[in-house]
Amino acid sequence: MVYLSALRITSNISTRICFLICVTIAFLLPFIILPVSETYANDPLEDFPFLISCEYKGTHHAFYFSKLGSDGVATYINPSRLAGTITVGGTAKTLGEPIGGSCLGKTLEQLRASGQASDLRR
137 MVYLSALRIT SNISTRICFL ICVTIAFLLP FIILPVSETY ANDPLEDFPF LISCEYKGTH
197 HAFYFSKLGS DGVATYINPS RLAGTITVGG TAKTLGEPIG GSCLGKTLEQ LRASGQASDL
257 RR
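Last residue of the sequence shown: 258 in the working numbering, with the numbers rising by one and none dropped.
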């Protein structure tokens, strides 16, 4: 009889401990997940495409996302070292020599609509 009552006490204690652990995890889980999801949601790079393709004098150029300045200006560069900039609300401009092309003066929305902007999918 003594063994059975000791087993019941041990069983009650382990059940209570498991219950407390589960409640603690359930309470803390939202505080752990929330900061991580906010970090990804506020990523400023999501506003800009990874690649912008432009045509200039019959040649197609691929401009890759290079950097995003603190002023919100994104810089794109191609392997030939031609470069351009664009902002979320602005239009595409060249850096360096003044060349034309099918991207000049277009907004990000226009570049996406014409199929010239390619985003990375996660």
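For glycine and all other residues, C-beta sits at the position ideal for the given N, C-alpha and C. Owing to the predicted nature of the structure, the values given are computational and were not obtained by experimental measurement.
Apart from sequence neighbours up to five positions away, the residues of its chain that approach ALA219 with a beta-carbon distance below 8 Å are PHE199, SER202, THR211, TYR212, ILE213, THR230, LEU231 and GLY232, ordered along the chain. Annotation: the continuous beta strand (DSSP E) that includes LEU204 extends over 195-204. In the DSSP assignment, LEU187 is bridged to TYR200 and SER254.
Boundaries around LEU231 are those of the beta strand (DSSP E), 229-231, since no alpha helix (DSSP H) includes it. A Cβ-Cβ distance of about 13 Å is found for the pair THR221 and THR243, leaving them out of contact under the 8 Å criterion.
Beta-bridge partners of ALA210 (DSSP): LEU204 and ILE222. When C-alpha distances from SER250 are compared across SER189, ARG217 and ASP207, the shortest belongs to SER189.
For GLU245, the enclosing alpha helix (DSSP H) begins and ends at 244-249.
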